[in-house]
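Chemist: Per numbering that gives the first Met the number 0, residue 0 is the first one in the sequence shown, and the count goes up by one each step.
Where a beta carbon is used, it is the ideal one built from N, C-alpha and C, also for glycine.
Nothing here was measured: the structure is a model prediction, and the numbers come from that model.
Before anything else, here's the structure in question.
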Amino acid sequence: MKAGAKRSQRKPKPQKITSPCFHNFCIFHRERASVRMSSPIRAVIFDFDGLIVDTESTGYRTWKEIFARHGHELPVERYAQVVGTDFNTSYDPRRDLEELTGLVFDWDEIEEGRRTRETELRQTLQTLPGVVDRLHEARALGMTTAIASSSPRWWIDSWMDQLGLGAHFDHISTVDDTGRVKPDPSLFLHAAEKLGVSPEEAVIFEDSLNGLRAALAAGIRCVVAPGPMTRHLDFTGALRRVESLAEVTLRELGQ
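Structure representation (structure tokens):
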């Protein structure tokens with residue numbers, strides 16, 4: 000019997016992990032997704048987790064450690080389903096582990112320990128390559144900037160304080176503003192509205208498939224810089240795929 004768990008009466012269910020259907024987004028709002036590439040870029044919208052800082056890898060590491068303590072592996076391909084969105088929208092490692100073990104866990108207790116571990120790991124994280132360069136370039140070109148994240152505002156604010164990046168952004172849109180997470184386009188559309196631009200006048204920097212789907216649904220061009228959690232995924236539909244934001248400039252995207 001593992002600490003923090005109690006015996007469940009139900010038997011383990013066969014593991015069945017499927018990709019989210021994204022019912023309203025499989026068509027990607029095709030009429031909006033046909034972005035007019037000739038439109039000048041007036042605004043830059045950044046994802047946060049995995050794009051500005053690689054918090055996705057630390058999050059995965061904490062969950063992988065939890066699975067290992069209970070005798071199971073958590074493949075990156077499975078966890079990647081949740082990158083850019085939340086447990087309610089896609090893959091839920093809590094449900095997965097309960098099905099694998101046949102146990103019911105005290106998730107409040109486990110989450111408290113996981114957050115403590117995550118706080119330890121975050122101390123070594125730095126802004127990813129090219130992020131600050133693109134922020135400076137946006138300012139030099141007279142473009143406005145925003146963050147659009149499926150994470151809550153307190154999470155983004157804590158990182159802005161740690162990294163000293165808050166002054167670089169004109170607006171921050173989070174799930175607290177829209178009540179919706181990616182691949183729903185609401186976050187990106189909310190950010191564009193707050194910046195005073197149309198979808199055609201913006202460009203998005205993303206690292207996740209859920210983020211790309213949201214960008215396509217919003218009708219906003221999207222450059223993808225996948226991280227360790229998402230490099231194996233197919234990003235068809237992206238304006239460009241790069242290794243990092245150091246490989247692309249806003250000036251060339253606007254040409």
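Any idea what DSSP makes of Thr-115, helix, strand or coil?
Modeler: Taking the first residue of the sequence shown as 1, we reach residue 115 at position 116. In this structure, Thr-115 counts as helix in the three-state DSSP scheme.
Chemist: Where Asp-132 and Ala-245 are concerned, what is the direct C-alpha to C-alpha distance, given to the nearest angstrom?
Modeler: As a first step, residue 132 must be located in the sequence shown, where it is residue number 133. As a first step, residue 245 must be located in the sequence shown, where it is residue number 246. C-alpha separation (whole angstroms): 7 Å.
Chemist: Is it buried or exposed, Thr-144, if we count other Cβ atoms within 10 angstroms and call 16 or more buried?
Modeler: Here residue 144 refers to the residue found at position 145 of the sequence shown. When all chains shown are included, Thr-144 counts as buried.
Chemist: Taking 7 Å as the cut-off, is the C-beta of Ala-217 nearer than that to any heavy atom in the ligand GTP?
Modeler: By its list of ligands, the structure shown contains no ligand whatsoever, and the ligand GTP lies outside what it can speak to.
Chemist: Can you tell me whether Glu-242 is helix, strand or coil according to DSSP?
Modeler: To locate residue 242, count along the sequence shown from 1; it is residue 243. In the displayed model, Glu-242 falls within coil according to three-state DSSP, outside both helix and strand.
Chemist: Could you check what DSSP says for Ile-155 in three-state terms: helix, strand or coil?
Modeler: As a position in the sequence shown, residue 155 is number 156, starting the count at 1. Ile-155: helix per DSSP, three-state reduction.
Chemist: Please report how far the alpha carbon of Ile-171 lies from the alpha carbon of Gly-163, in whole angstroms.
Modeler: The sequence position of residue 171 within the sequence shown is 172, counting from 1. The sequence position of residue 163 within the sequence shown is 164, counting from 1. Cα to Cα, the separation comes out at about 14 Å.
Chemist: In the DSSP assignment, find the beta strand (DSSP E) that holds Ala-145 and state where it starts and stops.
Modeler: Sequence index remark: in the sequence shown, residue 145 carries index 146 (1-based). Unbroken beta strand (DSSP E) run through Ala-145: 143 to 147.
Chemist: Checking 8 Å against the spacing of the C-beta atoms, do Phe-47 and Ile-146 come in under that value?
Modeler: For this step, residue 47 is matched to residue 48 along the sequence shown. For this step, residue 146 is matched to residue 147 along the sequence shown. Yes, the pair counts as a contact, with Cβ atoms nearer than the cut-off.
Chemist: Return the chain-ordered ranges of every beta strand (DSSP E) run that is complete within the stretch 30 to 76 and spans a minimum of 3 residues.
Modeler: 42 to 45
Chemist: What are the residues that DSSP puts in a beta bridge with Ile-171?
Modeler: Start at 1 with the first residue of the sequence shown, and residue 171 comes out as number 172. BP columns for Ile-171 point to Ile-146.
Chemist: Let's test the definition: count the other Cβ atoms within 10 Å of the Cβ of Asn-23 and tell me whether it reaches 16, buried, or not, exposed.
Modeler: The residue given as residue 23 occupies position 24 in the sequence shown. The predicted model places Asn-23 with a pLDDT of 44, which falls under 50 and marks its position as unreliable, so this point remains unresolved.
Chemist: With a threshold of 7 Å on Cβ separation, who are the neighbours of Phe-66 within its own chain once the five nearest residues in sequence on each side are excluded?
Modeler: As a first step, residue 66 is located in the sequence shown; it is residue number 67 there, counting from the start. Counting only Cβ-Cβ distances below 7 Å, and skipping sequence neighbours, we find Glu-72, Leu-73, Leu-96.
Chemist: Between the alpha carbons of Thr-235 and Ala-190, how many angstroms are there, rounded?
Modeler: Here residue 235 refers to the residue found at position 236 when the sequence shown is read from its first residue. Here residue 190 refers to the residue found at position 191 when the sequence shown is read from its first residue. Taking the straight line from one Cα to the other gives about 24 Å.
Chemist: Does the stretch 202 to 217 come within contact of the stretch 75 to 84, defined as at least 3 CB pairs closer than 8 Å?
Modeler: Yes, since at least three Cβ pairs between the stretch 202 to 217 and the stretch 75 to 84 fall closer than 8 Å, the two stretches touch.
Chemist: Are the CB atoms of Thr-126 and Val-223 nearer to each other than 8 Å?
Modeler: Locating residue 126 in the sequence shown gives position 127, counting from the first residue. Locating residue 223 in the sequence shown gives position 224, counting from the first residue. Contact: no.
Chemist: Within 10 angstroms of its Cβ, does Cys-20 collect 16 or more other Cβ (buried), or is it exposed?
Modeler: Walking along the sequence shown from the start, residue 20 turns up at place 21. Here Cys-20 scores only 39 on pLDDT, less than 50, and its place in the model is too uncertain to base an answer on.
Chemist: So which of Val-174, Ala-137, Ala-139, Ser-38 has the shortest CA-CA distance to Trp-153?
Modeler: Working through the sequence shown from its first residue, we reach residue 153 at position 154. Nearest of Val-174, Ala-137, Ala-139, Ser-38 to Trp-153, Cα basis: Val-174.
Chemist: On the CB-based measure, 16 or more other CB atoms within 10 Å of its CB, does His-167 come out buried or exposed?
Modeler: Position 168 of the sequence shown, counted from the first residue, corresponds to residue 167. It is buried - the Cβ of His-167 has at least 16 other Cβ atoms within 10 Å.
Chemist: Hey, would you say Gly-49 sits closer than 8 Å to Gly-226, going by beta carbons?
Modeler: Position 50 of the sequence shown, counted from the start, is the residue given in the question as residue 49. Position 227 of the sequence shown, counted from the start, is the residue given in the question as residue 226. Less than 8 Å separates the beta-carbon of Gly-49 from that of Gly-226.
Chemist: Tell me the rounded alpha-carbon separation between Thr-118 and Met-159.
Modeler: Locating residue 118 in the sequence shown gives position 119, where the first residue counts as 1. Locating residue 159 in the sequence shown gives position 160, where the first residue counts as 1. Whole-angstrom Cα-Cα distance: 15 Å.
Chemist: Straight-line CA distance for Gly-70 to Gly-178?
Modeler: For this step, residue 70 is matched to residue 71 along the sequence shown. For this step, residue 178 is matched to residue 179 along the sequence shown. If you take the alpha carbons of Gly-70 and Gly-178, they lie about 36 Å apart.
Chemist: What did DSSP end up calling Phe-24 once you bin it into helix, strand or coil?
Modeler: The residue you call residue 24 lines up with position 25 of the sequence shown. Low local confidence applies: a pLDDT of 43 at Phe-24 is under 50, so the model's placement there is unreliable, with the coordinate-based value given in what follows. The answer is coil: DSSP assigns Phe-24 none of H, G, I, E or B.
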